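Scroll down for the structure; my scribbles are underneath it.
Residue numbers (the numbering used here), protein chains in the order written: chain A, 1 to 337; chain B, 1001 to 1337; chain C, 2001 to 2337; chain D, 3001 to 3337.
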């Protein structure tokens, strides 16, 4: 059994991750930390969670485990990752700290100096596009939830060099409220969210823009700018991104891309391309470990890709398990059946 | 025009009250206070609210208006009521501070000394059962939201001495989330409330038990104990109370009470008794100023009364306007058409 | 008083229209029809609706009133409009029957011959862009709900000839469930919609594409194609459209358009442009008669306009009242205060 | 492997049952029927369901399997159960057809003659109170969802003869919308349910009253009448029943019952009694196979029991699997880990 520790187990991502690791056949949860609930159990925080004891992060010893999962806020995660790596453990960081290759870009988007620049660049933990670099890695940056949905939607077009050069990629994304975290805020108050629907940080203002563009550029040259508009949905979980791609008509007709996507994702255990004519909905992915994609060709210039994931699973916890499995040489979907 | 001031205008009750007073034909809002949004406007806090400027409570002068409405937390409201009354203004207190007749009982339920005992006992502002004492009063205790729903359900039985002596009155009540206030808490986080339903303070633990029993006892001798079980509904507003009354079969058959209720509330502008066979639902009352009641006789011993109100209107703001109208000799439903 | 009749009063739009006309100071509801609830009252169908008696459409006499409002399905509405006009009444058609100028285009999108081609082209009832042709008209086509939201978002750019020629206009729209009508369907079943979010008819498949492009072309030459993607939101009412406009950078910088919108809509009683930096949310418009717009310039090529309305009000019933007021020479917002 | 067939696999209960049996280690789904989707697959009906082919019920052969599960409407289920039993298969009936011991009582509550009276009385499939009669049975009546929640709440008091003789037992119950089935109706339309909360069939009118009282009487003499008030919650799944029991104070103080419940359910794998002071909420049970109970003693005469289950799992599908396991001599929670 591989011994693991979970930092930040009582956030929404931490709870899901604890559930997954609790019944993972090759993992054993040695500790789970919580700042505010240390001394209690995870089941005491959330009724249907496993009965894991919660310890203070200060009392957790990363050197006592084989791997740590960091469900901590950005800037808090990287120092723990660094300490864990020093102590010989591997680290899967679910925060944003290891996602950007460059400390300078990190400072630009997050407004502070990077807390552990020697860990950069870290392997980007989206197995479908970077599996080879994740396998055996000592630390991995688990992608952002929005970034996962958008990258899996756009990646095949990048690889096929199908996009109109310099035309913007427009991703209109909608996320459930758990994506905003468990700390109570007015924007997550039930009476403010129920019956409402709200855009936020639209255009090029959201931090995931940097992460998505970095990976698009790394994987296929430079497409046009990403325009990314997140919205808050009155549901507890799930992300749906409606992506408008402008195609280079010299490349292939919009109708040809269904085959491209099916082939590219044919062997992926966690990505499903719907049959032509069907549209992905949030229900296709919520409480699953999968990204589900649908393709709607509009005309020779435009392709709409709808991409859905569960923000807490494929957008965070189950993707972390995929990465964990790859890092330790296990089957990628181990524990995700 | 009657000049009024609103203390605590940015809570959910304050916003509704501001809407009502803003278009009340006989009232003019001279000031509206907010601790955290002073300097802004109410429309800046909530998009569809009136464009009232918000002032700090310290800068508001209760002596400059004819009446103040207090949408403040308990213990904070009574001192402002006292100051307003001293300055010659009338006060409608929407907090719990003036609801209990006795400072000792207040201390017992609220855990602190009463901040203005010389205002007790205050007229209880439920017009349907206490209109005569509200008319012309200088200060009034606006009832609790649950108390309004339960008292209007049970009052006719009390008046008719129809209850089985010493049998408990069971009120199983369900409230929308706005009843918990606008301050973000984990218990009002969207992701915790959506898809959930939770009892809290059930039995005889909720503070409204004291208020309801006080009024039941005042109005008709001593029935059995109130068992009151509030639950949090995943809706933004509305209260539905399902009340189980055990009848004295020597008095009248359960089926006779429909006529009793219809007669007792026939002339009430803000209470409606549904025809026999219909059941009240939350939708009957949400966004209205009314209490809607339905009666379901079960057998000779048991009558079920379903009582619904909008917690922010008949349970708070529009009831405060009824009281304001009565205090100033206006038509009781003035501004509520 | 102007006598009016409402056909189809028990659908969601009909109920809202009945509420508005019931308290309209210049209108008197002479009849309200319902196929399935004839003989009852509107309040019997929906608790908080006005107590209007419901008559069978066959028994309603359009010649007995000054105006009829048609909340009927397409193909059913136009014949009633024709009959009403023949009988001397004016007609506001809330169905799609009179929206398209040409019977051929109607057949193409609706799959049947137009039921009353002599009424085409009808004045398009979006007051903000066609007020002059609505005033005094004998019949008017009330716009589609999505069309209202998208046209008010794009119209200023069309007038200013600011769009990049031939670039697509992308409108990613989200609607509450009442937009799908009151007839129960699996797609509107609570257990299918709650926690879900679904695209439908995306690309250029939705019927409102024809209507929106017709009006864009009429008002300013030919922009690029409209790409329109509706989604079903788990809320009961409201539409939010996120519109991505590609600008001709030779015209003006994206940042200049805030002033353009403010000026164009300055005197409009039912359109509000938010201050720069604010984003429109569904809550800005739900249960109001207004369209609320926010502008987010992204770069010199792209402007995002967020447009929100209440689909049942500005998207249907209150817009019909605006048109009614204009047709009869009343103040446009009469009855909408 | 035990071969099983599922009749009515596309209703909400059928889908859950198919999920459970699909991964049950000892069961193999030989067929799944659907009247309206025959020829398709279950995954085509509901995205995340297993890819089971759907056959017409007429083409399914109950003689080809070891057991059938009947997720059919009442009156349709019993004839299939009879045919299956004749053909040598065992039957777990999730409809109401086999729940009442007497055909006369069935006719009284369901308004039709019982379709297979020779199967009555059938073992009542609530393992916690009737395990001995389920083990090895050839057919079993799976309990109603409300009945499960209420019986598990009240059963310990019945066994302990703790109830005040002839005093009513009041069960105020609230259910998610999936309990009303998948067939679209106005009462399950999203726009009617969202933001609403509705009682229905309250008092002694709901059919589960007969079933609950039958089992209470069978298990412990005759308590007072059950007063049972179901309400429709705006959530997709889950039942919470707030049960008010009037105690015989000669028996034991209300505070003593926590120990009683803990002891009675100590070894039950699917029933959990919360620690004193905690209250059960819907979230404790939704998407689990368990009934969770909390006890709140009010005074010496009254005990409140809150009982929660997932209506589709412990209230239907997973309870059917418990029964299946017992009938075939498997571990009761096999397939429910």
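Ideal placement from N, C-alpha and C gives every residue a C-beta, glycine not left out.
Predicted model only: the values in this text are computed from it and were never measured.
Asked: Counting only Cβ pairs nearer than 8 Å, list the residues of chain A close to residue 1184 of chain B.; Found: 184, 185, 186, 188 and 189
Asked: Who are residue 3193 of chain D's beta bridge partners in DSSP?; Found: Per DSSP, none; premise fails for residue 3193 of chain D.
Asked: Just to confirm my understanding: we take residue 3038 of chain D, look at its own chain, exclude 5 residues before and 5 after, and list those with CB closer than 7 Å. What are they?; Found: 3054, 3055 and 3056
Asked: Looking at residue 3202 of chain D and residue 3309 of chain D, is the spacing between their C-beta atoms short of 8 Å?; Found: no
Asked: Tell me whether residue 2033 of chain C sits in a helix, a strand or coil according to DSSP, three-state version.; Found: strand
Asked: Buried or exposed: where does residue 259 of chain A fall if 16 or more other Cβ atoms within 10 Å of its Cβ makes it buried?; Found: exposed
Asked: Work out the CA separation of residue 2142 of chain C and residue 2332 of chain C for me, nearest whole Å.; Found: 15 Å
Asked: Exposed or buried, which one is residue 128 of chain A when buried takes at least 16 other CB atoms within 10 Å?; Found: buried
Asked: Whole angstroms is fine: what's the gap from residue 2301 of chain C's alpha carbon to residue 164 of chain A's?; Found: 15 Å
Asked: Given a threshold of 16 other Cβ atoms within 10 Å of its Cβ, counted over all protein chains shown, does residue 3112 of chain D qualify as buried or as exposed?; Found: exposed
Asked: Would you verify that the beta carbon of residue 12 of chain A is, or is not, closer than 8 Å to some beta carbon of chain B?; Found: yes
Asked: Out of curiosity, what's the CA-to-CA distance linking residue 116 of chain A and residue 210 of chain A?; Found: 19 Å
Asked: Does residue 198 of chain A get closer than 8 Å to chain C when you measure Cβ to Cβ?; Found: yes
Asked: Between the Cα of residue 2283 of chain C and the Cα atoms of B/1138, B/1321 and B/1236, which residue gives the shortest distance?; Found: B/1236
Asked: Tell me the residue span of the alpha helix (DSSP H) that contains residue 3240 of chain D.; Found: Note, residue 3240 of chain D: premise wrong, no alpha helix (DSSP H); beta strand (DSSP E) at 3239–3246.
Asked: Is DSSP giving residue 343 of chain A helix, strand or coil here?; Found: Given a span of 1 to 337 for chain A in the structure shown, any question on residue 343 of chain A remains unanswerable.
Asked: What is the DSSP secondary structure of residue 3287 of chain D, counted as helix, strand or coil?; Found: coil
Asked: Tell me where the alpha helix (DSSP H) around residue 1103 of chain B begins and ends.; Found: 1103–1110
Asked: Runs of 4 residues minimum, wholly inside the stretch 147–220 of chain A: which ones carry the alpha helix (DSSP H) assignment?; Found: 190–193 and 208–220
Asked: To the nearest angstrom, report how far apart residue 3146 of chain D and residue 3065 of chain D are at their CA atoms.; Found: 30 Å
Asked: Considering only the alpha carbon of each residue, which of A/303, A/289 and A/36 lies closest to residue 276 of chain A?; Found: A/303
Asked: Among B/1027, B/1247, B/1025 and B/1008, which one has its Cα closest to the Cα of residue 1041 of chain B?; Found: B/1008
Asked: Anything in the stretch 3302–3333 of chain D with a Cβ closer than 9 Å to a Cβ of chain B? List those residues in chain order, please.; Found: 3302, 3304, 3306 and 3308
Asked: How close, in whole Å, do the beta carbons of residue 3245 of chain D and residue 3306 of chain D come, if the pair is a contact with beta carbons under 8 Å?; Found: Not really, about 12 Å apart at Cβ, beyond 8 Å.
Asked: Residues in the same chain with beta-carbon distance under 8 Å from residue 3011 of chain D, minus the five sequence neighbours each way, listed in chain order, please.; Found: 3071, 3181 and 3182
Asked: Relative to the C-alpha of residue 1216 of chain B, which candidate in B/1274, B/1135 and B/1161 has its C-alpha closest?; Found: B/1161
Asked: Do residue 2144 of chain C and residue 2208 of chain C have their C-beta atoms closer together than 8 Å?; Found: yes
Asked: To test your reading of the DSSP string, which unbroken alpha helix (DSSP H) runs of 4 or more residues are found completely within the stretch 20–105 of chain A?; Found: 42–45 and 77–86
Asked: Identify, in the order they occur along the chain, each residue of the same chain with its Cβ nearer than 6 Å to the Cβ of residue 133 of chain A, setting aside the five sequence neighbours on each side.; Found: 123
Asked: Using a Cβ-Cβ cut-off of 8 Å, state whether residue 2236 of chain C counts as contacting chain A.; Found: yes
Asked: In terms of residue numbering, what span does the alpha helix (DSSP H) encompassing residue 2331 of chain C cover?; Found: Unbroken run through residue 2331 of chain C: none, as it is neither H nor E.
Asked: Within 10 Å of its beta-carbon, does residue 266 of chain A have 16 or more other beta-carbons around it, so buried, or fewer, so exposed?; Found: exposed
Asked: Keeping to the same chain, check which residues put their C-beta closer than 8 Å to that of residue 3022 of chain D; ignore five residues upstream and five downstream.; Found: 3029, 3050 and 3052
Asked: Below 7 Å CB to CB, which residues in the same chain sit around residue 3131 of chain D once its five sequence neighbours on both sides are set aside?; Found: 3326
Asked: Can you tell me which residues form a DSSP beta bridge with residue 2003 of chain C?; Found: C/2028
Asked: Nearest to residue 319 of chain A by CA position, among A/229, A/190, A/177 and A/148, is which residue?; Found: A/148
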